[in-house]
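Trainee:
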Amino acid sequence: MKVAGKVFRSVNWYVESGRSIPAVQWIEQRLLPHRFEQVISNKPEEVAVAIESMQVRGAPAIGAIAAHGLALAYCLDKKAFFSHWIPRFRATRPTAVNLFHACDAMLVLAEQGASDASMIEAAQAYADAEVLANERMGAHMAEYLAVGERRIQTHCNAGWLATVDWGTATSGIYHLARAGESPFVWVDETRPRLQGARLTAWELHQEGVACRIQADSAAAWMMRRGMVDAVVIGADRIAANGDVANKIGSYMLSLAAREHGVPFYVAAPSSTFDAACESGADIPIEERDDDEVLMMDGVDAAGVSHHVRIAAPDVPANNPAFDVTPFANITAIFSEDGIWKPQ
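In structure tokens:
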């Protein structure tokens, strides 16, 4: 997608002067929207830390950068690939199943004695497959959103930053916009890390899609006022029964949507489906640091960044990163193959 008119992907293998060198490149999402910066690293540990620290986040993007990081580790440190690097990347974050699919795919290739070039090609192919899936998914979803549904509610960031390109929840929106339609997006700020306010709104603005940021707690009221035509979210893991793990607050949105008769859609590529997970009760929910709730980052009028406390001192916080929306609350789940239903 575009930043200042130039096309970028959120994760890629670093290429310089027409030749590939052993390095991974990613967009440092924590700096947005105030600063756009790409990181280049030839150290597998730095790639793993990029996942843990949420420099790169979003289930498909996590899978893609893990594949790239493991390709890098294979090129540079084959002796420790199986004993250290595979478990190291698998341990970075627990909820997004794409991470484990990517690790498994790279592990199989390595066990077959793949060449360095084959591992790099596999990582790039993994990312390309995610992009194609997102584009196809958006085309399916746009057919539903085009039927009178123009005021769309999103939560967190399920855009191209989170998915290498196109996005999941945003893909249908981008398809509509490029077809000459005029979708409008209500962007939940998405506490505590504000991925909606910082990332989704920035993405949409770069693509020329009309949007407005709102407090998470405003969503139900806007539905009651008849100002939301559909809710579209992404997913970090989808269980075999259709339960969906996504950013904390998604379950709350589904309850509001059901109460007000608003369609509640989920968009996710097949890499986010976990057939081995029977239900949402089996999905591990990541608990993150209290400071994400108690502290906040921002810039002042002079553009200087500050990290400030917003809560009373010595008061602890509760910070589950995800929740689970039961399939009963979901109108439809879109994948690259169309509407998905539990078997």
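71 is the number that numbering that gives the first Met the number 0 gives to position 72 of the sequence shown; each next residue is one higher, with no gaps. By construction, the Cβ of each residue, glycine as well, lies at the ideal position given by its N, Cα and C atoms.
Look up aspartate 164 in the DSSP assignment and give the residues it is bridged to.
Mentor: Paired residue(s): none; aspartate 164 is not in a bridge.
Trainee: Measure the alpha-carbon distance for glycine 207 versus methionine 136 and round it to whole angstroms.
Mentor: Approximately 21 Å between the Cα atoms of the pair.
Trainee: Could you check the C-alpha separation between phenylalanine 7 and glutamine 205 for me, to the nearest Å?
Mentor: Cα-Cα distance, rounded: 12 Å.
Trainee: Assuming contact is defined by CB atoms lying nearer than 8 Å, are valine 265 and isoleucine 329 in contact in what I supplied?
Mentor: Yes, they are a contact pair.
Trainee: Straight-line CA distance for aspartate 235 to glycine 302?
Mentor: Going by the C-alpha atoms only, they are around 33 Å apart.
Trainee: Who are the Cβ neighbours of methionine 295 in its own chain at under 7 Å, not counting the five residues just before and after it?
Mentor: Val307, Ile309, listed in sequence order.
Trainee: Under 8 Å: do the segment 122-131 and the segment 161-176 share three or more Cβ pairs, one atom per stretch?
Mentor: Counting Cβ pairs under 8 Å, three or more are found: they touch.
Trainee: May I ask you to list the residues that DSSP assigns as paired with tyrosine 264?
Mentor: Tyrosine 264 pairs with Val231, Ala331.
Trainee: For the putative contact between glycine 68 and valine 23, defined by C-beta atoms under 8 Å, what is the C-beta separation to the nearest angstrom?
Mentor: That belief holds up - the Cβ atoms of glycine 68 and valine 23 are roughly 6 Å apart, short of 8 Å.
Trainee: Report yes if the C-beta distance between valine 358 and glycine 279 is below 8 Å; otherwise report no.
Mentor: The displayed coordinates of the chain run from 0 to 342. Any statement about residue 358 would go beyond what the structure contains.
Trainee: How long is the line joining the alpha carbons of proline 325 and valine 298, rounded to whole angstroms?
Mentor: C-alpha separation (whole angstroms): 38 Å.
Trainee: DSSP three-state label for phenylalanine 35, please.
Mentor: Three-state result, phenylalanine 35: coil.
Trainee: By DSSP's criteria, methionine 222 is part of a beta bridge. Which residues make up the other side?
Mentor: BP columns for methionine 222 are empty, so no partner.
Trainee: Would you mind sorting histidine 174 into buried or exposed? The rule is 16 or more other CB atoms within 10 Å of its CB.
Mentor: Buried, since its Cβ has 16 or more Cβ neighbours within 10 Å.
Trainee: Should the segment 113-127 be regarded as contacting the segment 147-155, the criterion being three or more beta carbon pairs within less than 8 Å?
Mentor: At 8 Å Cβ cutoff, the stretches do not touch.
Trainee: Nearest to lysine 42 by CA position, among Ile64, Asp288, Pro32, Ile284, is which residue?
Mentor: Selected option, being the one with the closest Cα: Ile64.
Trainee: Tell me the DSSP secondary structure of methionine 53 in three-state form.
Mentor: Reduced to three states, the DSSP call for methionine 53 is coil.
Trainee: Please look up how many angstroms separate the CB atoms of alanine 331 and arginine 287, rounded, as I've assumed it's under 8 Å.
Mentor: Between arginine 287 and alanine 331 the Cβ distance is about 30 Å, and since that is not below 8 Å, they are no contact.
Trainee: Among the residues of its own chain, which have a CB less than 8 Å from the CB of valine 55, if the five just before and after it don't count?
Mentor: If we look at valine 55 and ignore the five residues flanking it on each side, its Cβ neighbours are Ser9, Val10, Trp25, Ile26, Gln28, Ala49, Ile61, Ile64.
Trainee: Could you have a look at serine 40 and say whether DSSP puts it in helix, strand or coil?
Mentor: Correct three-state label for serine 40: strand.
Trainee: Would isoleucine 39 be called buried (16 or more neighbouring beta carbons within 10 Å of its own) or exposed?
Mentor: Exposed, because fewer than 16 other Cβ atoms sit within 10 Å of the Cβ of isoleucine 39.
Trainee: Shortest alpha-carbon distance to methionine 251 belongs to which of Glu51, Glu142, Ala218?
Mentor: Selected option, being the one with the closest Cα: Ala218.
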